[in-house]
Amino acid sequence: MESCCRSCMPCFGRLWNYIWPDIRYPNVPNNNNHVIANPAAQAAEIRTVSGDIRIPSPKKRPVQLYAALFDFEARSDDELTVKEGDKLSVIEKRGEYVLAKKLTGSLQSGLIPANYVALLQDEFAKHKWYYGNINRVKAEKLLLASQNKDGSFLVRISESHSDEYTISARSEGKVYHFRIQRSTIGAYFVSDKISFATLGELISYYQKNPRSLGVLLEEPCAQQRELFDMEPWERPREEFRLHKKLGEGHFGEVWEALWTTENKKVAIKTLKQEDTKQDEFVKEVQALKSLHHPKLIQLLAMCSRGEPVYIVTELMKKGSLKAYLACEC
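Laid out in structure tokens, this is it:
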């Protein structure tokens with residue numbers, strides 16, 4: 001009867017609502033001033049949600065590329081089987097293990113011994129202007145050094161926003177800092193008027209359009225770059241005494257030396273600042289920092305302040321493997 005009355009005499013809708021109230025909305029006041037154009041929409045507006053809502057930030061740090069150093073066979077469900085050379089991203093460190101994810105093939109994730117993986121290279125390390133994780137004070141010290149002039153610049157990781165970067169540039173004897181932000185789609189920008197797909201494109205644009213930034217970006221900072229957080233290994237050069245030249249390495253000379261404070265014989269590789277292979281030298285240091293295995297040579301110390309730079313490692317007392325095998329009967 002209700003449906004018949006409503007369909008045949010819709011003009012009496014208010015009467016039918018009084019006789020047959022809609023029990024789905026019992027709390028809606030029945031007065032002439034309250035009109036619900038879409039009851040379902042109003043119901044949606046008053047819903048509440050309990051609990052914590054975590055919205056993942058679209059601005060992520062660039063994925064750092066790691067590689068497996070050895071084969072590893074998973075022994076439990078939470079471990080990850082990898083082959084030597086597999087490319088990985090490390091999600092987090094857990095004691096003596098890391099939670100890693102394969103970047104090819106199955107894309108599985110799981111635990112691997114920390115000494116089974118090594119960082120290959122920071123995504124931007126190929127650029128001479130990129131200095132990684134140095135602070136504002138260090139950047140200013142480098143740019144104001146005598147080796148640099150107005151127009152020198154560098155790019156570093158932002159101290160206040162770890163997923164962003166900062167341009168530090170020298171102009172008129174002072175250092176100015178410009179924050180590089182990330183958009184919701186991952187683009188890079190200094191001004192919201194223009195954004196770039198890559199950090200390299202942004203730097204290239206402002207090098208060609210200095211008025212847009214207000215300072216010149218002419219040459220990357222010329223001061224010798226820190227070898228990526230070497231403080232834990234940094235030692236005074238005076239602690240080492242060179243004894244015997246062992247040969248010529250890929251980057252410079254190799255010496256047998258005495259570490260006087262430790263009373264220990266060590267091997268020292270050298271590099272001069274103007275050496276064209278400095279980027280490769282940095283990669284070797286990165287690898288040595290990451291390797292921890294009794295069968296591999298260990299990094300012991302660094303002398304990166306001044307020239308030549310020293311890489312101090314364990315000494316192979318019997319020389320190279322090739323020489324040792326050649327003299328063995």
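Residue 161 in full-length UniProt numbering sits at position 161 of the sequence shown, and the numbers go up by one each step.
Note that CB positions come from ideal geometry on N, CA and C, so glycine has one too.
Bear in mind the structure is a predicted one, so any value in this text is a computation, not a measurement.
Of the choices the options, whose alpha-carbon is the least far from that of residue i?
i      : options                           : result
Tyr97  : Ser109, Thr104 and Arg170         : Ser109
Glu314 : Trp255, Ser76 and Pro308          : Trp255
Phe296 : Glu307, Met302, Tyr310 and Ser320 : Looking at the sequence shown, residue 296 is not Phe but Leu. Among Glu307, Met302, Tyr310 and Ser320, the Cα nearest to that of Leu296 is on Ser320.
Tyr206 : Ile167, Ala301, His293 and Glu253 : Ile167
Arg211 : Ser171, Asn135, Gly252 and Gln298 : Ser171
Phe72  : Ala100, Ala301 and Ala187         : Ala100
Val155 : Gly173, Ser204 and Ala197         : Ser204
Work out the CA separation of residue j and residue i for me, nearest whole Å.
i           : j      : result
Ser195      : Lys322 : 54 Å
Pro56       : Ile91  : At Pro56, the pLDDT of 37 sits below 50, so the modelled position is not reliable; the number obtained from the coordinates is stated separately. So the alpha carbons of these two residues sit roughly 15 Å apart.
Lys244      : Glu253 : 11 Å
residue 332 : Phe178 : Absent from the structure is residue 332, since the part of the chain shown begins at 1 and ends at 329.
Pro113      : Glu262 : 30 Å
Phe192      : Lys141 : Checking the sequence, you will find Asp at residue 192 rather than Phe. Computed Cα separation, rounded: 30 Å.
Lys208      : Leu299 : 41 Å
Pro26       : Leu15  : Because Pro26 carries a pLDDT of 45, less than 50, the predicted location of this residue cannot be relied on, and no value is offered for it.
Glu238      : Met302 : 12 Å
Met316      : Thr260 : 18 Å
Leu246      : Lys126 : 31 Å
Ala139      : Thr104 : 37 Å
Glu248      : His161 : 43 Å
Pro294      : Gly173 : 50 Å
Met9        : Ile19  : 14 Å
Please work out which residues of its chain come closer than 8 Å, Cβ to Cβ, to residue i, disregarding the five sequence neighbours upstream and downstream, and give them in chain order.
i      : result
Lys102 : Leu80, Val82, Asp86, Lys87, Leu88, Gln108 and Ser109
Leu258 : Phe240, Arg241, His243, Lys264, Lys265 and Val266
Arg94  : Leu111
Lys318 : Tyr324
Cutting at 6 Å between CB atoms, please list the residues of its own chain near residue i, excluding the five before and the five after it.
i      : result
Lys128 : Pro220
Ala222 : Gln147 and Asn148
Ile23  : Only weak support is given to the placement of Ile23: the predicted model assigns it a pLDDT of 43, under 50, and the value that follows is read from those uncertain coordinates. Excluding positions up to five away in sequence, the list is empty.
Asn133 : Ile157
Val137 : none
Report yes if the C-beta distance between residue i and residue j is below 9 Å; otherwise report no.
i      : j      : result
Ala169 : Phe153 : yes
Val215 : Val266 : no
Val175 : Leu213 : no
Ile268 : Tyr324 : no
Ala326 : Ala118 : no
Pro236 : Leu271 : no
Ala74  : Glu84  : no
My guess is that residue i and residue j are in contact by the Cβ rule of under 8 Å, so how many angstroms apart are they, rounded?
i      : j      : result
Ile185 : Leu202 : The pair is not a contact, with the Cβ atoms about 15 Å apart (cut-off 8 Å).
Leu111 : Asp77  : About 10 Å separates the two Cβ atoms, so there is no contact after all.
Tyr116 : Phe70  : 5 Å
Glu159 : Arg182 : About 16 Å; that fails the 8 Å criterion.
Leu217 : Gly151 : 7 Å
With a CB to CB cut of under 7 Å and the five nearest residues on each side skipped, what residues in its chain are close to residue i?
i      : result
Phe124 : Tyr130 and Leu199
Asn135 : Glu159
Ala187 : Ser195, Phe196 and Ala197
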